[in-house]
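Keeping their order, the protein sequence lines are chains A and B.
For the first sequence, position 75 (counting from the first letter as 1) is numbered 366 according to the numbering used here, and the numbering increases by one without interruption.
For the second sequence, position 37 (counting from the first letter as 1) is numbered 118 according to the numbering used here, and the numbering increases by one without interruption.
Here's the structure, in structure tokens; my notes come after.
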Amino acid sequence: MVVLHVTNELEPLKRIGQLAKWVRENVDGGKVLLLGFEGRRNLDGIEVVGGGLSPRVAVSDVVEEAFMELFTTLAELPYKLDPRNVSLVEGHEWRGGLAAYIIAKRLRVPFRFSIYTREEERGGQGLVSEAIKSIESFLMSSADEVFERLKNSRFRRESSSGFQQYSNGGFSILHASWEYPPHMVGGLGRAVTSMTKRLTSYADVFVATIGLPGRVHDERAERLKVMRVDPFSLRSTGLVSWVYAFNALIVAKVLTEGVKPSIIHAHDWLTAPAAVALKHLLRAPLVVTIHATEYGRSRGNISTSMQQQIHYWEWRLTYEAWRVFVCSNSMRGEVEAAFKLPRDKVIVLPNGIDLEEFDAFKPEHGERDNYALPWEKIVFFTGRHVYDKGVDLLIECARILLQRRSDVKFVISGDGPMRMHLEWLARSYGLGDKVLFTGRLPDNVLYKVMKLADVIVIPSRYEPFGIVALEAMAAAKPVVATQIGGLAELVKEGETGVLVPPESPEALAVSIERLLDNPELAKDMGLKGRKRVEELYGWGKIVRYLFHIYGRVLEEYASSGWKTLFDSSISPPQLKH
Amino acid sequence: MLDPFEILKTLHALSAVDEYRAIEVELLAKIIGVTPREIDDALKVLRGMDYVILNGPKVYLTELGIMKISSLFC
């Protein structure tokens, strides 16, 4: 029996505090995986393998640092450690414990958590301390054995690994997405939901995603399995470490469930750490859809530690991926510039719309009265209330337009960090009764309101695609949008809508007024938009093309000769047409 | 006045997302580094917008509050 010890300190190779000495005293034989260490050593018969050095990216605290170290190790381990004969993985303290917990799942052996001094005993306070306490508590409740080394106290749990067998036969795709119903934030969730639903015509589809409180159960439909993790199982120090914790839980979940996908398809940086780790742990080719980039959102100004980490993971994801999908030509330019990608690696795959579902929602009699008076025309906006979406510009536009006429109602749906400011802005302009903030609307209500609107406005400052423009066209409504990013490709100027320069409330007001005063023109644009959506943006065609690309990736994979030390039991998947 | 968004972010980090994981308002104030009085005012605003639920001495995020934090990210 060989024990694999996992630690981030080991005397004399890496010493931070007491742990280095304690671990050295307690390791007798076996192998040691030393996190945050490069190289390989032999210490009196103990084989020490370094987990690799984390990338040079600024982190905010020790928890973020530990997760960076974890994901670095998981991606490198299959090329460094021969897992044969390892029958137990023991993690020392919380940092070693986190890595050991996941490695044990991959090797399908028991996990022992060795703890020396609990965070509670150290008397730490604040978010970092709370996060460490919750990680310790999670590991203690997940381990097959907990060993309090300084107290020489052991607790063994009846082994119930619950491991499922890897399925090697069929063609399956694992989508990793942080958005999926009910956790729907922006366009990403809609795209992944429709895409995965359509893909079940071709393959078994797994979706690894977030479960909201009270709704963390897996779901299974024919050829589709939604695997949810509770991202709040662990406390975090902020948004980035929360994303890392969620990713660690996804890796553990996929390994426990025994999913061996033919292809992993990740969406944005929010699932990048898990996707990259799983690619190497399971030797499965990775493809990615980049829906938006930090580089684009920040106009190339990557400065804070949060921005650096997001940018790093976006780069890493596109570097590791066999193909990078983007939703528009504008995004192709953006990712090629931001990540220095070769042109033939990037494929434009637009988002689509499920017209059958969209058309099913019809406004009921009198429903319009909930939003406007009978003589008021409805100018509608939906989107997150963040700077990039330009909602403040729309309120400025409302101020300009309502100085000229009073028969207009601005209906603003969505939510976000700027909401309170935007509501205050509208009130301060005296527009309280002319600008209605509805908050977030569920899709069934949202689609009905779109059909009730006279004009739909998208005043964005940054917009990789602009799914709202697609929905507006599906609703046969004219669109007034800024001439940027994906919007400039989706909206045909003068045919399906009007494109205006960014940052110009006056131009928005003029264009909206032109459409309100010319209902025939507005109707004609709406109908042309609908026709364009029907011809170009049905999910059926888009997913057929996506599946064709999957096939090409698998062919390349089959001839790649890619091997790891972990994968002797996994055979390459076959594509079933 | 304390930025209510800071409170939401802290509740999110502390996994205070349901009644079982709700945290004491006093502890929340301590972690953020403000007085309980200051935090009370901000929590009232957040409760009015359905982002948090106050349950005796404890507080937690609603699903709407979770989504509001999520909207920062995409």
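Idealized CB from N, CA, C, for every residue including glycine.
Every value quoted in this text rests on a predicted model; they were computed, and no experiment measured them.
A/E360: member of the alpha helix (DSSP H) spanning 353-367, first to last residue.
A/R805 is the residue among A/N661, A/G591, A/R805, A/S619 whose C-alpha sits nearest the C-alpha of A/R695. In this chain, the alpha helix (DSSP H) harbouring B/S151 covers 144-151.
The DSSP assignment places complete alpha helix (DSSP H) segments of no fewer than 4 residues inside the segment 645-677 of chain A at 646-651, in order along the chain.
A check of alpha carbon separations from B/L153 across A/G674, A/G342, A/G852 identifies A/G674 as the nearest. Following the DSSP letters along the chain, one finds A/E338 inside the beta strand (DSSP E) bounded by residues 337-341.
In the three-state DSSP reduction, A/N620 falls in the helix class (H, G or I). At least one CB atom of chain A sits nearer than 7 Å to the CB of B/A94. Under the Cβ distance rule, A/S432 does not count among the residues neighbouring chain B, no pair being separated by less than 7 Å. When secondary structure is reduced to three states using DSSP, B/F86 falls in the helix class.
Taking the Cα positions, A/I691 is about 14 Å away from A/E794. Relative to A/V578, the option among A/G505, A/N538, A/E611 whose CA is nearest is A/E611. With 16 or more neighbouring CB atoms inside 10 Å of its own CB, B/Y132 falls in the buried class. For A/K551, the number of other beta carbons within 10 angstroms of its own is at least 16, and it is reported as buried.
Residues Y662, A663, K700, V702, L743, A744, D745 of the same chain have their beta carbon placed closer than 7 Å to that of A/I669, with the five preceding and five following residues left out of the count. By the C-beta criterion, the segment 776-784 of chain A is judged to be in contact with the segment 615-624 of chain A, since at least 3 inter-stretch pairs fall below 8 Å. In this structure, the CA atom of A/K822 is about 25 Å from the CA atom of A/P792. Put simply, the segment 461-476 of chain A touches the segment 135-153 of chain B. At least three CB pairs are less than 8 Å apart. Not one beta carbon of chain A lies nearer than 7 Å to the beta carbon of B/K125. In the assembly as shown, A/M292 is an exposed residue. Its beta-carbon has fewer than 16 other beta-carbons within 10 Å.
Among the CB atoms of chain B, none fall inside 7 Å of the CB of A/L722. Non-local beta-carbon contacts of B/T91 in its own chain, meaning distances under 7 Å to residues more than five positions away in sequence, involve L109, I112, I113 in chain order. Residues of chain B whose Cβ lies closer than 7 Å to the Cβ of A/S527 are, in chain order, A94. Pairwise C-beta distances place the segment 122-130 of chain B out of contact with the segment 522-538 of chain A, as fewer than three of them are shorter than 8 Å. A residue is called buried when at least 16 other Cβ atoms come within 10 angstroms of its Cβ; A/V639 does not meet this threshold and is exposed.
The segment 403-419 of chain A and the segment 323-342 of chain A do not touch, with fewer than 3 CB-CB distances between them shorter than 8 Å. Within the DSSP bridge table, the entry for A/R447 names A/E436 as partners.
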